[in-house]
Amino acid sequence: MDAAIRLQQVTKRFGKQVAVNKLDVNVPFGSIYGFIGPNGSGKTTTLRMILRIFQPDSGDVFVLGQRQGAVADNRLGYLPEERGLYKRMKVRDILAYYARLKGHYQCRRDIEDWLERLGAAEWANKRIEALSKGMAQKIQFISAVVARPKLLILDEPFSGLDPVNMESLRDAVIQLRQQGVTIIFSTHDMEMAEKMCDTIFMIFNGNKVLDGTLDAIQAKYPADRVRVQFASIDQPLPKLDGIQDVGNVGRFIEFRMTDPAQSQNYLRQLAELGTIRHFQVIKPSLHDIFVRIAKPSELTAETSTP
0 MDAAIRLQQV TKRFGKQVAV NKLDVNVPFG SIYGFIGPNG SGKTTTLRMI
50 LRIFQPDSGD VFVLGQRQGA VADNRLGYLP EERGLYKRMK VRDILAYYAR
100 LKGHYQCRRD IEDWLERLGA AEWANKRIEA LSKGMAQKIQ FISAVVARPK
150 LLILDEPFSG LDPVNMESLR DAVIQLRQQG VTIIFSTHDM EMAEKMCDTI
200 FMIFNGNKVL DGTLDAIQAK YPADRVRVQF ASIDQPLPKL DGIQDVGNVG
250 RFIEFRMTDP AQSQNYLRQL AELGTIRHFQ VIKPSLHDIF VRIAKPSELT
300 AETSTP
């Protein structure tokens with residue numbers, strides 16, 4: 000096996016709608032593979048083909064070396080975006096139930112270790128219905144990993160979590176990767192994807208538009224964003240030809256240049272208006288790239304080159 004997951008020219012249709020179009024994907028072993036895309040892009044359909052919930056109309060889907068397999072493959076853990084736990088079951092019992100469904104019968108030690116690691120040990124004998132939203136999400140995460148999967152699919156794992164719980168779950172994901180687990184991380188949180196993912200894949204209108212490391216992706220886009228701060232923080236940015244996407248980011252103003260070679264010209268124009276404390280040309284973030292691709296006005300230009 001040269002990859003944990005390999006999709007070759009995969010197409011999936013629903014009636015006349017092409018949800019996924021001739022998609023090629025390779026997910027390296029032991030990596031965190033970011034899976035991003037706007038709603039309706041074909042992302043969920045692709046994940047469901049990897050999970051064997053859907054079968055492709057054409058092309059091949061290889062998961063852990065197998066072209067065909069069962070939906071409930073014991074080597075695979077899945078945290079769905081739509082959470083669902085049996086509310087009247089106790090935490091320890093439901094975790095044992097999910098572990099045994101995956102064939103992991105000697106699971107008691109793993110359950111206790113995970114509960115302790117995520118600060119949930121005192122809730123072990125509580126019913127799910129008694130848990131807070133954040134604690135229930137931790138238990139849902141444990142249910143996906145307690146059977147020691149080789150491949151883990153996480154769909155929006157940090158949605159709705161406070162910063163402390165988010166960090167504890169993020170650290171757990173990093174530790175799993177260090178133990179050799181391959182992780183597909185599906186998210187709309189571009190900042191978290193930047194921090195965590197070894198490789199980032201983006202699907203848009205059923206087509207692959209990004210696939211590579213963050214550095215490789217950013218290298219395809221010019222450093223065309225400017226971050227500026229005037230001495231007078233309330234001073235607005237004047238109207239200048241050739242700038243787009245103006246916005247406030249904390250104490251700074253950011254804008255995008257249509258011609259990055261003109262950065263010094265913009266600096267001179269802005270300096271004539273007042274004292275500048277900060278002027279920086281920056282690479283586009285993953286968020287910026289995502290928005291550029293997904294904005295309807297830029298669809299043609301950005302999706303023509305995968």
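For the sequence shown, numbering that gives the first Met the number 0 begins at 0 and goes up steadily by one. All C-beta atoms, glycine included, are put in the ideal place defined by N, C-alpha and C.
Comparing C-alpha distances from Leu130 to each of Ile110, Lys89 and Cys106 shows the shortest one belongs to Lys89. Counting C-beta pairs closer than 8 Å gives fewer than three between the region 166-186 and the region 214-232, which falls short of the contact rule. About 6 Å separates the beta carbons of Ala192 and Ile35, which is inside the 8 Å limit, making them a contact pair. With contacts defined by Cβ atoms closer than 9 Å, Ile173 and Ile31 form a contacting pair. In the same chain as Thr257, and ignoring 5 residues on each side of it, the C-beta atoms closer than 6 Å to its own belong to Gly241, in chain order. Here Gly68 is not near Pro148, since their CB atoms are 9 Å or more apart. Annotation: the continuous alpha helix (DSSP H) that includes Tyr97 extends over Val90 to Leu100.
Per the DSSP secondary-structure output, His277 pairs in a beta bridge with Gln228. Annotated three-state conformation of Ser262 is helix, per DSSP. Leaving aside the five residues that flank Leu153 on each side, the residues in its chain whose CB is nearer than 6 Å to its CB run, in chain order, Leu78 and Phe184. In the DSSP assignment, the residues bridged to Asn206 are Phe203.
Rounded to whole angstroms, Asn164 and Pro283 show a C-alpha spacing of 29 Å. With 16 or more other CB atoms across the displayed protein chains lying within 10 angstroms of its CB, Ile199 is buried.
Counting only residues of its own chain and dropping the five nearest sequence neighbours on each side, Gly102 has a CB closer than 8 Å to the CB of Asn73 and Ala146. Taking all protein chains in view, the Cβ of Phe53 is crowded by 16 or more other Cβ atoms within 10 Å, so the residue is classified as buried. The DSSP-derived three-state label of Asn247 is strand. The continuous stretches of alpha helix (DSSP H) do not include Gln178, and DSSP gives it neither H nor E. Beyond the five residues adjoining it in sequence on each side, Val248 comes within less than 8 Å, by CB distance, of Arg226 in the same chain, given in chain order. The C-alpha of Ala98 lies about 28 Å from the C-alpha of Asp197. In the three-state reduction of the DSSP assignment, Lys21 falls in the strand class, which pools E and B. Taking Glu190 as the centre and dropping the five residues before and after it, the same chain places no C-beta closer than 6 Å to its C-beta.
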